[in-house]
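Below is one structure; the comments refer to it alone.
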Amino acid sequence: LGNGNKIIGQYPNSGVTLYEGDKIYLLTNNYDNIMIDFKDMSYKDANSILNLMNVEYQLEGYGYVYEQNINVGAKIDKEIILKLKGKY
Numbered sequence: 001l002g003n004g005n006k007i008i009g010q011y012p013n014s015g016v017t018l019y020e021g022d023k024i025y026l027l028t029n030n031y032d033n034i035m036i037d038f039k040d041m042s043y044k045d046a047n048s049i050l051n052l053m054n055v056e057y058q059l060e061g062y063g064y065v066y067e068q069n070i071n072v073g074a075k076i077d078k079e080i081i082l083k084l085k086g087k088y
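Counting from 1, position 82 in the sequence shown corresponds to residue 82 in our numbering; the numbering is continuous, with no gaps.
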């Protein structure tokens, strides 16, 4: 997240076991408030990454993200609202 030259935060935290295909999010010292794709992300992961991003947000429902109010790649200029539901 961002295009800085120093990593100042990450998710998941160090020491967590990762599996093939898992994603790692790195927050740089020049975070540019650009929206990422939360689609299909779990409640826990979305909540943790939003906290890492230090933005205002609402998570509506539980399960996995199926809708977000800000397009991927757009500047975050308002509260992020993510809608979640069960996967099946």
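We put the CB at the ideal spot given by N, CA and C, even for glycine.
query	result
Can you list, in chain order, the residues of its chain whose CB lies under 7 Å from that of asparagine 71, leaving out five sequence neighbours each side?	Met35
Taking just the CA atoms, how far does lysine 44 sit from glycine 73?	22 Å
Quick check on lysine 83: does DSSP put it in helix, strand or coil?	strand
Return the chain-ordered ranges of every beta strand (DSSP E) run that is complete within the region 24 to 72 and spans a minimum of 3 residues.	25 to 28, 57 to 60, 64 to 68
Give a yes or no on contact between the region 8 to 27 and the region 58 to 71, applying the rule of three or more CB pairs nearer than 8 Å.	no
Identify whether tyrosine 11 lies in helix, strand or coil by the three-state DSSP scheme.	strand
Grab me the residues of glutamate 56's own chain with a C-beta within less than 6 Å of its C-beta, minus the 5 sequence neighbours each way, in chain order.	Glu79
Tell whether a beta-carbon distance below 8 Å holds between serine 48 and tyrosine 64.	no
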